[in-house]
Amino acid sequence: MDLKGKKVLVTGAEGFIGSHLTERLVELGTDVTALVQYNSFNNWGWIETFDKNIKDNINVVLGDIREYDGVKKIIKGQEVVFHLAALIAIPYSYISPMAYVKTNVEGTTNVLEACREYDVQKVVHTSTSETYGTALYVPIDEKHPLQGQSPYSASKIGADKIAESFYRSYNLPVVTLRPFNTYGPRQSARAVISTIISQILSGANEIKLGSLTPTRDFNYVKDTVEAFIKVAECDNTIGEVINAGSNYEISIADLVKKIINIIGREVEIVCDEERIRPEKSEVNRLWADNTKIKDLTGWLPRYTLDEGLKETIEWLKNNLHLYKTNIYNV
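Under our numbering, the first residue of the sequence shown is numbered -16, with each subsequent residue one higher.
Given below as structure tokens:
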């Protein structure tokens, strides 16, 4: 499928990955509609920061994926839907698990049902590596068991299975993309890379983190966006679940050392109990097998971890005023 000229909807377009994807779709010449969560301030999230030439080529609509009638009106006439809208903060899922079910499971069902009703040509549903839980073997391929180690991951497993059911029951042309740990400009300060960098750049002599032993498979946001584009363009991805990862793992402890070395400023690392997950909920190891996406679409990450970190650090230097580095918000 050639996306150029297609009518494309991005849900969650105001967020971290969604905003980068929306920009890229404009560059590719698509007719982009950006679904932003309704708010009375008419605030468009990260879209507000776009260059005017990009912003003027986006149709921004406000709505809520939890409300079916509104979702139907927005999806009518769309040819491709990238579904990224979700509640993503793992710590808050311990506090309000039902909110994650309503948004991630029920909201996804609303999106898929509307796509089915209006014969959308391709739906890209966003999953997460958290659905795998702690690796039972590595690297993690798409056949790895799913483990609901947090209410967040359980809700995303539910959403993924709803997407699978719409493909199997209604032949909906949906693909589930499962990105591993994406990082980069615009990411929430809750995320480990953003919180490390922002605390150091703010001048703190000590940085507060959770557990340092888990490993993660980090991917720069521009690479993740290209994975979305590739799976949308490839007809052979319909009905598939596909990892997007680097096939490289690094511990949080080694990640901190790498960031400290790049910034060139010594700090003390302090373990903050508030940031530690419940023992049985911690995902101790994530390492992606990216063979499937490479074979189907030719996608491979272009950015090394060092290259992505350097770009992220430079962006945060210029935008640190947007972050409350002294407050930990779940």
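Backbone N, C-alpha and C define an ideal beta-carbon position, used for all residues, glycine too.
Residue -14 and residue 208 have their alpha carbons spaced roughly 14 Å apart. Contact between residue 233 and residue 199 holds, with the beta-carbon distance rounding to 7 Å and staying under 8 Å.
According to DSSP, residue 191 shares a beta bridge with 253. Using a Cβ distance threshold of 8 Å, residue 42 and residue 9 do not count as a contacting pair. In the structure shown, the three-state DSSP call for residue 30 is helix. DSSP places residue 24 in no beta strand (DSSP E); its state is neither H nor E. Per DSSP, the beta-bridge partners of residue 234 are 198. In this structure residue 287 is exposed. Its beta-carbon is surrounded by fewer than 16 other beta-carbon atoms within 10 angstroms. Contact between the segment 246 to 260 and the segment 186 to 203 is present, with at least three C-beta pairs closer than 8 Å. Contact annotation, residue 227 with residue 176: C-beta distance approximately 17 Å; criterion of less than 8 Å not satisfied.
Classified as buried, residue 112 has 16 or more neighbouring CB atoms from the shown chains inside 10 Å of its CB. Taking C-alpha positions only, residue 220 is separated from residue -6 by approximately 20 Å. Non-local C-beta neighbours of residue 67 in its own chain, meaning closer than 8 Å and more than five positions away in sequence, comprise -7, -6, -5, -4, -2, 0, 1, 4, 109, ordered along the chain. In the three-state reduction of the DSSP assignment, residue 80 falls in the helix class. The beta-carbon separation of residue 114 and residue 139, rounded to 5 Å, stays under the 8 Å limit for a contact. Within the segment 99 to 153, the runs of alpha helix (DSSP H) that reach at least 4 residues and sit entirely inside it are, in chain order, 134 to 153. In this structure, the straight-line span from the alpha carbon of residue 271 to that of residue 134 is close to 22 Å. Within the segment 27 to 76, the runs of alpha helix (DSSP H) that reach at least 4 residues and sit entirely inside it are, in chain order, 35 to 38, 51 to 58. Residue 215 carries a helical assignment under DSSP once its states are collapsed to helix, strand and coil. The continuous beta strand (DSSP E) containing residue 225 extends over residues 224 to 227. Just so you know, the alpha carbons of residue 130 and residue 265 end up roughly 11 Å apart.
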